[in-house]
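Residue numbers (our numbering): 35 to 199. Where is the CB? At the ideal position from N, CA and C, for every residue including glycine. As the structure is a computational prediction, the values presented were derived from the model and not from experiment. Okay, structure first, notes after.
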């Protein structure tokens, strides 16, 4: 597995296709392929936000380091740390293949955890990106204003394109 670290920035939108198919934005797809040396998207439900988190296999080493850092920090502060629970949160991701065009099938259990039924908004977040149902993103507070505006614009563009067909 490749170890190249990547950062995801920017945004994208994919309308829901048949059979819960979505398309990774080209910019994200390219980074996953380069860093992971393959077409595997990793998805996991976020443990605090009502969205999914996506990344490539290359992030696995970072997750191991994050787990150990969190354990050491808790020990230093004399706080309890549930290693098993935190490990399953970090490593409980689903590995999903995507084709050359970035198409992938969203597992129904992940879609239900993030209330994804229609379009899917992608938002870069450094070593990972988030995937949102637009309705869930629009419930977020003012700190998410730019993401909400970008999502609304991209969703409107996708709807206008669909009407032309």
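Open item on the list: Could you compute how far the alpha carbon of residue 104 sits from the alpha carbon of residue 97?
Closed with: If you take the alpha carbons of residue 104 and residue 97, they lie about 10 Å apart.
Open item on the list: Only counting the same chain, and skipping five residues up and downstream in sequence, which positions put a Cβ closer than 7 Å to that of residue 62?
Closed with: The answer, listed in chain order, is 42, 46, 156 and 163.
Open item on the list: Is it the case that the region 67-84 contacts the region 130-137, given that we only count it when at least three CB pairs across the two stretches are under 8 Å?
Closed with: Yes, they touch.
- [ ] Determine the direct distance from the alpha carbon of residue 112 to that of residue 152, and round the result to whole angstroms.
- [x] If I take the Cα positions, the gap works out to 45 Å.
TODO: Report the partner residues of residue 130 according to the DSSP bridge assignment.
DONE: DSSP output for residue 130 lists 75 as bridge partner(s).
TODO: Helix, strand or coil for residue 163, going by three-state DSSP, please let me know.
DONE: If DSSP states are grouped into helix, strand and coil, residue 163 belongs with the strands.
- [ ] With a 10 Å radius around its C-beta and 16 neighbouring C-beta atoms as the bar for buried, classify residue 180 as buried or exposed.
- [x] Exposed, because fewer than 16 other Cβ atoms sit within 10 Å of the Cβ of residue 180.
Task: Within 9 Å, strictly: CB atoms of residue 150 and residue 86 - done: Their beta carbons are under 9 Å apart, which means residue 150 touches residue 86 by this criterion.
- [ ] Please report the residue range of the alpha helix (DSSP H) in which residue 106 lies.
- [x] For residue 106, the enclosing alpha helix (DSSP H) begins and ends at 94-111.
Task: residue 65, buried or exposed, once every other Cβ within 10 Å from all chains shown has been counted against 16 - done: When all chains shown are included, residue 65 counts as buried.
Open item on the list: Taking the beta carbon of residue 138 as the centre, do at least 16 other beta carbons fall within 10 Å, making it buried, or is it exposed?
Closed with: Counting C-beta atoms within 10 angstroms of its own C-beta, residue 138 has 16 or more neighbours from the protein chains shown and is therefore classed as buried.
Task: Reference residue 168; option with closest CA among 154, 127, 57 and 159 - done: Closest option to residue 168, Cα to Cα, is 154.
Task: Buried versus exposed call for residue 56 [16 or more other C-beta atoms within 10 Å across all chains shown] - done: So residue 56 ends up on the buried side.
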